[in-house]
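Residue numbers (the working numbering): 37 to 302.
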């Protein structure tokens with residue numbers, strides 16, 4: 037019986053031979069296992085640090101210069117929020133609790149390794165009364181502590197909501213300009229139309245109106261120094277809303293004798 041010989045199979049040019057799948061290198065496997073180990077270790081470490089029993093807080097220090105806020109009130113506000121550990125305690129929650137106190141302007145909270153918190157508190161510094169039920173700070177911030185804690189002897193500011201910073205700035209300018217005349221502002225009011233009205237501590241009222249209020253104040257300063265200062269007890273109101281003059285309302289029914297006899301050159 038004749039045996040046929042198989043012809044060798046021709047491989048076409050350009051065709052690729054099938055390749056066996058490469059084996060996963062041992063180094064890559066080792067690196068993968070190392071990554072898994074590190075991730076697991078990190079997760080375990082985080083869970084341990086979040087445990088209040090790990091690095092518990094042992095000391096809370098509160099720093100600042102206080103006239104109205106007490107250490108007792110500050111610690112009462114902080115106490116419910118410091119039961120966690122060094123890393124798990126929520127600093128933002130503590131800050132918000134401190135700043136919720138009526139006389140606190142700002143608070144900063146930070147961790148001090150290994151077991152402490154330091155809280156720095158800035159107290160509100162009142163400049164004036166704002167209306168009847170609030171105060172305004174030297175930075176122009178309105179705040180409303182208990183009425184019985186209001187300091188005495190502050191000037192009063194009144195104006196539309198949102199005008200507090202302007203009124204604080206204007207009060208400073210007026211007091212500086214009139215300080216030489218010994219006129220202390222008891223009340224400064226800005227109306228809805230931005231008209232200005234001042235009441236001094238001796239009861240004298242000054243009406244500046246809306247337009248050119250700064251120029252009118254300068255003119256009043258000059259007139260008061262030349263004509264009115266020596267007779268301030270006779271004056272009830274000075275109205276500067278005139279282009280070339282001013283009007284005076286006297287405390288009595290008629291102008292004092294010195295006014296009727298004087299010749300004014302304004």
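Backbone N, C-alpha and C define an ideal beta-carbon position, used for all residues, glycine too.
Rounded straight-line distance, which links the Cα of residue j to that of residue i
i	j	result
residue 312	residue 120	Only positions 37 to 302 of the chain appear in this structure, which leaves residue 312 out of reach.
residue 159	residue 140	5 Å
residue 229	residue 246	7 Å
residue 208	residue 116	41 Å
residue 99	residue 157	6 Å
residue 162	residue 145	24 Å
residue 135	residue 109	12 Å
residue 287	residue 257	20 Å
residue 201	residue 181	19 Å
residue 175	residue 205	9 Å
residue 151	residue 137	25 Å
residue 186	residue 106	15 Å
residue 173	residue 191	12 Å
residue 19	residue 101	Residue 19 is absent from the structure shown; the chain starts at 37 and stops at 302.
residue 82	residue 142	Reliability of the predicted coordinates at residue 82 is poor, the pLDDT of 49 falling under 50, and no value is obtained from them.
residue 171	residue 282	33 Å
residue 214	residue 242	12 Å
residue 167	residue 111	31 Å
residue 211	residue 184	27 Å
residue 94	residue 165	41 Å
residue 272	residue 197	29 Å
residue 292	residue 270	7 Å
residue 217	residue 169	31 Å
residue 280	residue 259	12 Å
residue 284	residue 223	19 Å
residue 248	residue 266	27 Å
residue 79	residue 127	In this prediction, residue 79 has a pLDDT of 45, which is less than 50 and means its spatial position is unreliable; nothing more can be read from the coordinates.
residue 233	residue 251	14 Å
Delimiting residues of the beta strand (DSSP E) encompassing residue i
i	result
residue 236	232-236
residue 279	Looking at the DSSP string, residue 279 is not in any beta strand (DSSP E), and its letter there is neither H nor E.
residue 142	140-148
residue 154	152-159
residue 284	283-286
residue 164	162-166
residue 221	221-226
residue 172	170-173
residue 177	Careful: residue 177 lies outside any beta strand (DSSP E) and carries neither H nor E.
residue 245	241-245
Cβ pair residue i, residue j closer than 8 Å
i	j	result
residue 178	residue 96	no
residue 193	residue 203	yes
residue 130	residue 148	no
residue 263	residue 253	no
residue 274	residue 221	no
residue 238	residue 268	yes
residue 195	residue 225	yes
residue 153	residue 123	no
residue 114	residue 132	no
Residue i, enclosing alpha helix (DSSP H) - first and last residue
i	result
residue 129	127-135
residue 114	107-114
residue 11	Because the chain in this structure spans residues 37 to 302, residue 11 falls outside the shown range and cannot be described.
residue 3	Residue coverage of the chain in this structure runs from 37 to 302, which leaves residue 3 outside it and unanswerable.
residue 249	249-259
Cutoff 8 Å: residue i Cβ touching any chain B Cβ
i	result
residue 122	The chain labelled as chain B is not found in the depicted structure, where only one protein chain is given.
Any non-hydrogen atom of the ligand GDP within 7 Å of residue i CB
i	result
residue 225	Of the ligands one can find in the structure shown there are none, so the ligand GDP has no counterpart to examine.
Worksheet entry | Secondary structure, alpha helix (DSSP H): runs of 4+ residues fully inside the region 180-216 | Entirely contained in the region 180-216, the alpha helix (DSSP H) runs reaching 4 residues are, in chain order, 200-214.
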